[in-house]
Amino acid sequence: MDLVTIFSYFGTWTIGSLTAIDLIAATTNAFNGALLARRKDHYRHWTVVGIVLIAILGGIGGGVARDVLLNDIPAALTNPWYLILSTLAAIVALRIAFTTGQKFREGLFQFMTAFALPWYAIIGAQKALNAGLPVIAVVLIGIIGPTAGRYFIDITAGVPPKHFIKGEWFVGTAALASVLYVALYALGVQFYAATLITFLVAFGVRLLALFRGWEEPEPPDTPDDLLAGGKPRPLLGDAIREELNPEEK
Amino acid sequence: MDLVTIFSYFGTWTIGSLTAIDLIAATTNAFNGALLARRKDHYRHWTVVGIVLIAILGGIGGGVARDVLLNDIPAALTNPWYLILSTLAAIVALRIAFTTGQKFREGLFQFMTAFALPWYAIIGAQKALNAGLPVIAVVLIGIIGPTAGRYFIDITAGVPPKHFIKGEWFVGTAALASVLYVALYALGVQFYAATLITFLVAFGVRLLALFRGWEEPEPPDTPDDLLAGGKPRPLLGDAIREELNPEEK
Amino acid sequence: MDLVTIFSYFGTWTIGSLTAIDLIAATTNAFNGALLARRKDHYRHWTVVGIVLIAILGGIGGGVARDVLLNDIPAALTNPWYLILSTLAAIVALRIAFTTGQKFREGLFQFMTAFALPWYAIIGAQKALNAGLPVIAVVLIGIIGPTAGRYFIDITAGVPPKHFIKGEWFVGTAALASVLYVALYALGVQFYAATLITFLVAFGVRLLALFRGWEEPEPPDTPDDLLAGGKPRPLLGDAIREELNPEEK
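Printed below as a string of structure tokens:
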């Protein structure tokens, strides 16, 4: 086998606009995954290899689930950038933790998850539209893209997945982004404009939910002995403040 | 984009007989999932969104796993009725719990799971036969269809999946239904007749197992310190009696 | 329907060299799965049916995940030998436990997992090369093949998956085998030679890791309160010695 053939194994390196957005989503989610792995409730004595794997799981998990459901070979396998960037993101996250001495940065983490979510929702919805799925399935794929990676991480760490419990409208924001994007698409709005509008709205709503502690409701008839206990999670504002002044803690 | 194109996004609404049976299975399983989410051993402070998601997971999970394994786009994505009916089933289950004041109804739940199981087994076996799989794989797909949704719910709630522990021949009944359906198919029995016979036999066996507490055996050499502890699960008869007379509890 | 048609349902029984290696991997992993199910940290009062299912999950799980990602119908479904041999392996494992009176044999188990790993890595890498994936994705598929089955078992038993925690270079050895195989392939080494070299190197490295207790490192900055506690896992040498002289225990 000659060198040209070998080089062809390294796959396609060109990146279209859909792929660019997908890569932003995967890389950000991988970074978040590596941070999340070291949050106390998720920490299970992971090795360095384990943390990189968790980052990859979080980074490409949503996109792989989406593509498998759409019956495609996952983009994360045909294009090498997904795995390269996810691995690099994990290394950066490990370095940040090492250099700052803060194992888990709640503020940085929350901000980045809010940032990551809309991209995957947009690309999921667009891919599902391309596949000719009915609207309700388009919205479901738009939810799976940004959230499935987190599902795999939570399951791996053995904690109840964030999608099903209070998580500042985690799934709700993904649904909102998908519905909004489909509406703009149906109205004939141009791709970049629809993407930008969807990103800004969903990112804004999620940040508001994080700062204000908005939550999806529990069923009204939940009996008292099943009511959520424990202390509430810190609002994003407090988390950032604490992160900037760690010594106050 | 014109209105006709937009409407086409809503997908195919026609329902064949295979799809009808698949929808019965999905809807019943979604209803059961929403009930199960609120059983004490599965409850993890789910939000309303979370309970609807669990219902969808339970409703379409088995069918999606089956179709992914058969390398098709899942029927639950191409036909909008799956997601619509699963969501409605979740809402009905939430309403029933709210209006009766009983968060979890063991009797209703057990009865409905027994009812739901054969449909998914039949459709799974038929689809696997259509794909030309060998008999042993047809039976496996016939087991995966009715049980994979429960696997996802149990994993999400962090409890040992019912398939692997005592569960009144949960997997065994799915295997029985699949084997029976394949046998009838090989004998040339007409589709509706084969479906009806398989349903009646599997539903009957499962109800008997539930009423009588029949269980798949544990290995004969299980050491004493590994033997199952805890109190046995209530028989279906007792559960129904308690449900009809909640004040006696 | 005539008998010929019915017989055709039993699928293809011919076995090529790729399939033979894949079957070795599946059968060994199924055997290991049935043993693992009865290790104390994994035991959850499984029934006999449950243990057979866990063996099947461990046996074909990696291959099914690999094939689904490569967008093929899983080989474990189109070829009946996978399910037949996995089921037989589970029965043999149950018999061994019963006749020796040792529910879980750490030495046998570790030795067999080391043996099983390279085969699945080789076949995964080769299949991914055939699919034309970039090298980094070939290595990922080469890792998923031998390790995904264990992931499903660990998730089912509710323990942190071995991939992410200390496990004597479990994932690392799979990565090594994949990289080595791809390198030999790129160098034009013939299939059987490449397979043999990869098997010997990966099996040797894994045995060494098991005997010497080599581990993937934890992040250097892991805070003391997050450090792994508990007693270390026994080295393979000690496990074998104890297994051969159970009365000394």
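Protein chains in written order, with the working numbering: chain A, 86 to 334; chain B, 86 to 334; chain C, 86 to 334. The C-beta atom is built at its ideal place from N, Cα and C for all residues, glycine as well. All figures in this text were calculated on a predicted structure; none of them were measured in a lab.
Beta-carbon gap between residue i and residue j smaller than 7 Å
i      : j      : result
B:F249 : C:G135 : yes
B:R151 : B:I240 : no
A:G148 : A:A122 : no
A:P302 : B:V133 : yes
C:G192 : C:G209 : no
C:R190 : C:E327 : no
C:A262 : C:A287 : yes
C:L65  : C:T283 : Outside the shown range of chain C (86 to 334) lies residue 65 of chain C, about which nothing can therefore be said.
A:S171 : A:I141 : yes
A:G298 : A:L320 : yes
C:R129 : C:A242 : yes
A:A119 : A:A175 : yes
A:G146 : A:A233 : yes
A:I109 : A:W204 : yes
A:L218 : B:L162 : yes
A:G322 : A:F296 : yes
C:E300 : C:K251 : yes
Collapsed DSSP secondary structure at residue i in the structure displayed
i      : result
C:I250 : coil
C:T241 : helix
A:Q211 : helix
C:K334 : Only weak support exists for where C:K334 lies, its pLDDT of 45 falling under 50; the value from the coordinates is given anyway. In this structure, C:K334 counts as coil in the three-state DSSP scheme.
C:Y52  : The structure shown does not extend to residue 52 of chain C, since chain C is modelled only from 86 to 334, so the question has no answer here.
C:T104 : helix
B:Y236 : helix
B:L218 : coil
C:V274 : coil
B:D126 : coil
C:E303 : coil
A:G118 : helix
B:L292 : helix
B:L320 : coil
C:G135 : helix
B:G227 : helix
B:G374 : Lying outside 86 to 334, the shown extent of chain B, residue 374 of chain B is not represented and no answer is given.
Outcome for residue i when other beta-carbon atoms lying within 10 angstroms are tallied against a minimum of 16
i      : result
B:M86  : Confidence at B:M86 is low in this model, with a pLDDT of 44, below 50, so its placement is unreliable and the value that follows should be read with caution. So B:M86 ends up on the exposed side.
A:A278 : exposed
A:T184 : exposed
C:F95  : Note on C:F95: pLDDT 48, under 50, position unreliable in the model; no value is reported.
C:A206 : buried
A:Q211 : buried
C:A105 : exposed
C:R235 : buried
A:T97  : The predicted position of A:T97 is uncertain, since its pLDDT is 46 and thus under 50; a value taken from the coordinates is nonetheless stated next. Classification for A:T97: exposed.
B:N330 : exposed
A:G269 : Residue 269 of chain A is actually Leu in this sequence, not Gly. The residue in question, A:L269, is buried, as its Cβ has 16 or more Cβ neighbours within 10 Å.
A:L154 : buried
C:P305 : exposed
B:A285 : The sequence shown places Leu at residue 285 of chain B, not Ala. Its Cβ having fewer than 16 others within 10 Å, B:L285 is exposed.
A:L281 : exposed
Of the residues the options, the one placed nearest residue i, counting alpha carbons only
i      : options                        : result
A:V267 : A:Q195, A:L142, A:A222         : A:A222
C:F196 : C:L179, C:F116, C:K247         : C:F116
A:L168 : A:L154, A:R180, A:V137         : A:V137
C:A216 : C:N156, C:P203, C:L320         : C:N156
A:A324 : A:P304, A:D306, A:A105, A:L292 : A:L292
B:G143 : B:F237, B:I181, B:G257, B:G252 : B:F237
C:F194 : C:L285, C:D107, C:E300, C:T113 : C:T113
C:V244 : A:G101, A:D107, A:W131         : A:W131
B:V224 : C:P165, C:H127, C:L285, C:A160 : C:P165
B:D107 : B:Q275, B:L179, B:P159         : B:P159
A:T198 : A:R180, A:S102, A:L281, A:P231 : A:P231
Minimum Cβ-Cβ distance from residue i to chain D less than 7 Å
i      : result
C:H130 : Going by chain labels, chain D is absent from the structure shown, which instead holds the protein chains A, B and C.
Let me know the alpha helix (DSSP H) ranges lying completely inside the region 144 to 208 of chain B, each 4 residues or longer, listed in chain order. 160 to 163, 166 to 185
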